[in-house]
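Per numbering that gives the first Met the number 0, the very first residue in the sequence shown carries number 0; after that it's consecutive. Each residue gets a CB set at the ideal place from its N, CA and C atoms; glycine is no exception.
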Amino acid sequence: MKIEALPSPNFNDRKFDVDMLVLHYTGMETGQAALDRMRDPEAEVSAHYMVWEDGRIVQLVGEDKRAWHAGVSSWQGDSDLNSRSIGIEIVNGGHDWPVAGGGLPPYPNVQIEAVIALCQGILSRWNIPQSRIVGHSDIAPARKDDPGEHFPWSRLAGAGVGLWPEAVEAEALTLMGRGLGQGDDGDPVERLQNMLSEIGYTLDRTGRYNAQTEAVIRAFQRRWVQDQVTGQADLQTLRMIGLVHALYKGKA
Numbered sequence: 000m001k002i003e004a005l006p007s008p009n010f011n012d013r014k015f016d017v018d019m020l021v022l023h024y025t026g027m028e029t030g031q032a033a034l035d036r037m038r039d040p041e042a043e044v045s046a047h048y049m050v051w052e053d054g055r056i057v058q059l060v061g062e063d064k065r066a067w068h069a070g071v072s073s074w075q076g077d078s079d080l081n082s083r084s085i086g087i088e089i090v091n092g093g094h095d096w097p098v099a100g101g102g103l104p105p106y107p108n109v110q111i112e113a114v115i116a117l118c119q120g121i122l123s124r125w126n127i128p129q130s131r132i133v134g135h136s137d138i139a140p141a142r143k144d145d146p147g148e149h150f151p152w153s154r155l156a157g158a159g160v161g162l163w164p165e166a167v168e169a170e171a172l173t174l175m176g177r178g179l180g181q182g183d184d185g186d187p188v189e190r191l192q193n194m195l196s197e198i199g200y201t202l203d204r205t206g207r208y209n210a211q212t213e214a215v216i217r218a219f220q221r222r223w224v225q226d227q228v229t230g231q232a233d234l235q236t237l238r239m240i241g242l243v244h245a246l247y248k249g250k251a
């Protein structure tokens, strides 16, 4: 796999060992604009790698160094995720640069194949649990949408990059008989919050379906229920939360 080195000055030393992989989309009009920004010292942002639409890979920061891609974020109780993770920026306009008609720009097959190969290489070099392969929206649900509901997480999982549930039986959470949304409170909401927290999402366990819970549900849906990104926990979403919770048990 050919990787072009285009160093960025935007990095420093890690405080922790690498145990996470974070996937992003660039969210800019062009890949070149994103690359220029990540190499601009005044921007103070970077990633370890960027993957172009045609599958070319650029390395900006050495894997042993702390790139600046995750921002204020947390997962499974950990913060300072820049110190813990390797970050990959995937060239895609995302929600800010939709295609004609308003849809999200697709990820080309050759690009996804390159992302998979790059991730497989990273996983061979570092001890990264499968439950700690995440999207930017997973670790910062209130402010980030990437890599988006158009990113093929199940395809990556099929190649050994991340997890995807295959079970047909859902946990008890799915047996509540109805969905949950803004204004709901009580034990069902607290159970929902507990399960999301145990998967890795950061939220307060208030027993109230508040704006924070809605943001986390939306982030969950972007990855796991991609045709239903509403922030409301309908029955399909509740069932998937049960499946993912079971899948992540013992894999933290």
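Cβ neighbours of residue i in the same chain (closer than 8 Å, five flanking residues each side left out)
{"i": "residue 258", "result": "Here the chain covers residues 0 to 251 and nothing more, so residue 258 does not appear."}
{"i": "residue 65", "result": "10, 11, 12, 13, 14, 81 and 82"}
{"i": "residue 178", "result": "231, 232, 233, 234, 236 and 237"}
{"i": "residue 119", "result": "158, 159 and 160"}
{"i": "residue 79", "result": "14 and 15"}
{"i": "residue 60", "result": "6, 7, 9, 10, 45, 46, 47 and 66"}
{"i": "residue 206", "result": "184, 185, 186, 188, 189 and 192"}
{"i": "residue 35", "result": "none"}
CA nearest to the CA of residue i, picked from the options
{"i": "residue 27", "options": "104, 4 and 48", "result": "104"}
{"i": "residue 114", "options": "200, 97, 41 and 23", "result": "23"}
{"i": "residue 138", "options": "50, 198 and 126", "result": "198"}
{"i": "residue 52", "options": "32, 111 and 96", "result": "111"}
{"i": "residue 40", "options": "54, 8 and 60", "result": "8"}
{"i": "residue 29", "options": "1, 95, 124 and 206", "result": "95"}
{"i": "residue 89", "options": "54, 102, 132 and 101", "result": "54"}
{"i": "residue 32", "options": "210, 91, 134 and 213", "result": "91"}
{"i": "residue 3", "options": "42, 58 and 126", "result": "58"}
{"i": "residue 62", "options": "126, 77 and 101", "result": "126"}
Residue i, buried or exposed, once every other Cβ within 10 Å from all chains shown has been counted against 16
{"i": "residue 71", "result": "exposed"}
{"i": "residue 75", "result": "buried"}
{"i": "residue 6", "result": "exposed"}
{"i": "residue 69", "result": "buried"}
{"i": "residue 248", "result": "exposed"}
{"i": "residue 217", "result": "buried"}
{"i": "residue 124", "result": "exposed"}
{"i": "residue 192", "result": "buried"}
{"i": "residue 1", "result": "exposed"}
{"i": "residue 134", "result": "buried"}
Cβ-Cβ separation, residue j to residue i (assumed contact under 8 Å), whole Å
{"i": "residue 145", "j": "residue 93", "result": "6 Å"}
{"i": "residue 117", "j": "residue 56", "result": "6 Å"}
9 Å Cβ cutoff, residue i in contact with chain D
{"i": "residue 63", "result": "Included in the structure is just one protein chain, with no chain D present."}
Chain-order list of residues whose beta-carbon lies under 7 Å from that of residue i (same chain, five-residue window excluded)
{"i": "residue 169", "result": "Residue confidence is low: residue 169 scores 48 on pLDDT, short of 50, so the model does not pin down where it sits. No coordinate-derived value is stated."}
{"i": "residue 215", "result": "140, 195, 200 and 202"}
{"i": "residue 98", "result": "104"}
{"i": "residue 262", "result": "The structure shown does not extend to residue 262, since the chain is modelled only from 0 through 251, so no value can be given for it."}
{"i": "residue 107", "result": "52"}
{"i": "residue 208", "result": "179, 180, 181, 182, 183, 184 and 188"}
{"i": "residue 132", "result": "20, 160 and 161"}
{"i": "residue 50", "result": "56, 87, 89, 90, 110, 113, 114 and 117"}
{"i": "residue 77", "result": "83"}
{"i": "residue 204", "result": "189, 192, 193 and 196"}
Cut-off 6 Å between Cβ atoms - residues of its own chain near residue i, not counting five sequence neighbours on either side
{"i": "residue 143", "result": "135 and 136"}
{"i": "residue 25", "result": "33, 88 and 90"}
> Are there three or more Cβ pairs, one per stretch, closer than 8 Å when the stretch 76-88 is compared with the stretch 43-50?
Replying inline: With the cut-off at 8 Å, the stretch 76-88 and the stretch 43-50 touch.
>> Measuring CB atoms only, is the stretch 147-161 touching the stretch 204-222, in the sense that at least three cross pairs come out at less than 8 Å?
In response: yes
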